[in-house]
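Novice:
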Amino acid sequence: NWTTGNVIEEQVTAIRERVGDKRAICGLSGGVDSAVAAALVQKAIGSQLTCVYVDHGLMRKGETEQVEKDFVAATGVQLKVVDAEERFLTALKGVSDPEEKRKIIGREFIRVFEQAQAEIIADEGPAVEFLVQGTLYPDVVESGGGTGTANIKSHHNVGGLPEDLEFKLIEPLRKLFKDEVRMVGQELGLPEEIVQRQPFPGPGLGIRIVGEVTKERLDLLREADAIAREELSAAGLDREIWQCPVVLLADVRSVGVQGDGRTYGHPIVLRPVSSEDAMTADWSRLPYDVLSRISTRITNEVRDVNRVVLDVTSKPPGTIEWE
Ligand code: XMP
668 NWTTGNVIEE QVTAIRERVG DKRAICGLSG GVDSAVAAAL VQKAIGSQLT
718 CVYVDHGLMR KGETEQVEKD FVAATGVQLK VVDAEERFLT ALKGVSDPEE
768 KRKIIGREFI RVFEQAQAEI IADEGPAVEF LVQGTLYPDV VESGGGTGTA
818 NIKSHHNVGG LPEDLEFKLI EPLRKLFKDE VRMVGQELGL PEEIVQRQPF
868 PGPGLGIRIV GEVTKERLDL LREADAIARE ELSAAGLDRE IWQCPVVLLA
918 DVRSVGVQGD GRTYGHPIVL RPVSSEDAMT ADWSRLPYDV LSRISTRITN
968 EVRDVNRVVL DVTSKPPGTI EWE
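Start counting the sequence shown at 668; every next residue gets the next number (the numbering used here).
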């Protein structure tokens, strides 16, 4: 008989037994899965767990603060934050190819994470033997599970492991679906903004800028994305849509007229989708007045953006993300 209480109790007992007096580490991404996995393990072994959050500078507005403040306040977890924005931006300099970007972000992430790991291991204390991952049931199935699913984009998940790692894995969400993970998170007292967070890719805004990733472009996209999220929430649409990537076409310019002159700016794409599991998706039929408010605000408030366009492609053939 499935209840969140049962799942929590069962996992807490199992994790406690398995970890014993050793230590564990967990990478936090700001997403639901790693947050719930970490909270569960924290409940089981307390200060024997250390979480690592790599700030790659590709997060959306307010998300890093949410992890640093709200998540820590709710769980009491030990958190090590690594500010690696410079490093990621330097590594991404001059790169426009989507797969190349994904590889660089994945590679840098692992390097930074391993460095943080090494520092934690070097601390005084029991051996760090375990690594916590927020793997869900659909991840298990999608990443091979014997089905031979084609890997269309090189997916990078925070905490994504180098091949030669000698940690033992703790994957407390391996049998759960997303909605169940949210229920468990809620039961564990995690902040609503984290529990109800829509999916966000590991490579972050880095794959939502079509073209080279620069600090300036990231700041611009962060503003546009924050506006879209604000308006979608205000309209009560958060649960209706699966997610709404906001994409900056940095390599495209179009002519516009704003204030008293001609502009030559960039388009922002809204990609609201409805989906059950992200394997297939349909574009969300958002109310025109909501679209209109988002468009007006973005073009008024975000410098260098003079056009907002709507992506009306289902998946397939379009993927949810643009890169
Ligand atoms: P696509 O673009 O393949 O995306 O239709 C399907 C879902 O996966 C998310 N996504 C990622 N998630 N690391 C992740 O953790 C990634 O590299 C990644 N790429 C895409 C995407 O946001 C959508 O929910």
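The C-beta atom is built at its ideal place from N, Cα and C for all residues, glycine as well.
1) Checking 8 Å against the spacing of the C-beta atoms, do D688 and P793 come in under that value?
2) Have a look at V975 and D949 and give me their C-alpha separation to the nearest angstrom.
3) If you measure from the CB of E809, is any heavy atom of ligand 1 nearer than 7 Å?
4) Under a Cβ-count criterion, where at least 16 other Cβ atoms within 10 Å of its own Cβ denotes burial, should A901 be classed as buried or exposed?
5) So the beta strand (DSSP E) V914 belongs to, where does it begin and stop?
6) Could you please give me the residues that DSSP links to W950 through a beta bridge?
7) If you draw a straight line from the C-alpha of A681 to the C-alpha of D918, how long is it?
8) In whole angstroms, what is the alpha-carbon distance linking Q678 and H933?
9) Do three or more CB pairs link the region 731 to 738 to the region 871 to 882 at distances below 8 Å?
10) Helix, strand or coil for S921, going by three-state DSSP, please let me know.
11) Let me see if you follow: with CB-CB separation under 8 Å, is V957 close to chain C or not?
12) What ranges does the beta strand (DSSP E) occupy inside the region 950 to 983, keeping only unbroken runs of at least 3 residues that lie completely in it?
13) Between E753 and ligand 1, is the CB less than 7 Å from at least one heavy atom?
14) Going by the CB atoms, is the gap between R889 and L872 shorter than 8 Å?
15) What whole-angstrom Cβ distance do L716 and A691 have, given they're in contact under 8 Å?
16) Among the residues of its own chain, which have a CB less than 6 Å from the CB of Q910, if the five just before and after it don't count?
17) DSSP three-state label for E838, please.
18) Anyone know if the C-beta pair for L887 and D978 falls short of 8 Å?
19) Check the DSSP bridge columns for T717 and list the partner residues they point to.
20) Determine the DSSP secondary structure at Q863, reduced to helix, strand or coil.
21) On the CB-based measure, 16 or more other CB atoms within 10 Å of its CB, does G713 come out buried or exposed?
22) From V914 to I935, what distance separates their C-alpha atoms?
23) Compute the distance between the beta-carbons of L857 and A706, then report whether it is under 8 Å.
24) Taking the alpha-carbon of I787 as reference, which of G773, L746, E809 has the nearest alpha-carbon?
25) Cα separation between F776 and G928?
26) Does the distance from the C-beta atom of V748 to that of E735 stay below 8 Å?
Specialist: Put simply:
1) Along the sequence shown, one-based indexing puts residue 688 at 21. Along the sequence shown, one-based indexing puts residue 793 at 126. Contact flag set, yes.
2) Position 308 of the sequence shown, counting from 1, holds the residue named residue 975. Position 282 of the sequence shown, counting from 1, holds the residue named residue 949. Their backbone Cα atoms lie some 20 Å apart in a straight line.
3) Along the sequence shown, read from residue 1 onward, the residue named residue 809 stands at position 142. No; taking the cut-off as 7 Å, the Cβ of E809 has no heavy atom of ligand 1 nearer than that.
4) The sequence position of residue 901 within the sequence shown is 234, counting from 1. That one is exposed.
5) Locating residue 914 in the sequence shown gives position 247, where the first residue counts as 1. Counting along the chain, the beta strand (DSSP E) containing V914 begins and ends at 913 to 916.
6) Translated into positions along the sequence shown, residue 950 becomes position 283. DSSP output for W950 lists V940 as bridge partner(s).
7) As a working note, residue 681 is residue 14 in the sequence shown. As a working note, residue 918 is residue 251 in the sequence shown. Their backbone Cα atoms lie some 51 Å apart in a straight line.
8) By one-based count along the sequence shown, residue 678 stands at place 11. By one-based count along the sequence shown, residue 933 stands at place 266. Roughly 49 Å between the two C-alpha positions.
9) no
10) Your numbering for residue 921 matches position 254 in the sequence shown. Three-state result, S921: strand.
11) Note that chain C does not occur in the displayed structure, where there is just one protein chain.
12) 972 to 977
13) Here the question's residue 753 lines up with position 86 in the sequence shown. Outside the cutoff, so no.
14) To locate residue 872, count along the sequence shown from 1; it is residue 205. To locate residue 889, count along the sequence shown from 1; it is residue 222. Result yes, Cβ atoms of L872 and R889 sit closer than 8 Å.
15) Position 49 of the sequence shown, counting from 1, holds the residue named residue 716. Position 24 of the sequence shown, counting from 1, holds the residue named residue 691. Correct: roughly 5 Å between the Cβ atoms.
16) Residue 910 sits at position 243 when you count from the first residue of the sequence shown. Result list for Q910: Q865, P866, in chain order.
17) What you label residue 838 is simply residue 171 of the sequence shown in a count that begins at 1. Three-state result, E838: coil.
18) By 1-based counting over the sequence shown, the position of residue 887 is 220. By 1-based counting over the sequence shown, the position of residue 978 is 311. Not a contact, by the Cβ cut-off of 8 Å.
19) Along the sequence shown, read from residue 1 onward, the residue named residue 717 stands at position 50. I692, Q745.
20) By one-based count along the sequence shown, residue 863 stands at place 196. It is coil, neither helix nor strand.
21) Counting from one through the sequence shown, the residue named residue 713 turns up at place 46. Result: exposed.
22) To locate residue 914, count along the sequence shown from 1; it is residue 247. To locate residue 935, count along the sequence shown from 1; it is residue 268. Going by the C-alpha atoms only, they are around 6 Å apart.
23) Counting from 1 along the sequence shown, the entry for residue 857 is found at position 190. Counting from 1 along the sequence shown, the entry for residue 706 is found at position 39. The answer is yes: Cβ separation under 8 Å.
24) Counting from one through the sequence shown, the residue named residue 787 turns up at place 120. Here the closest residue by C-alpha is L746.
25) To locate residue 776, count along the sequence shown from 1; it is residue 109. To locate residue 928, count along the sequence shown from 1; it is residue 261. Going from the Cα of F776 to the Cα of G928 covers about 43 Å.
26) Here residue 748 refers to the residue found at position 81 when the sequence shown is read from its first residue. Here residue 735 refers to the residue found at position 68 when the sequence shown is read from its first residue. Contact flag set, yes.
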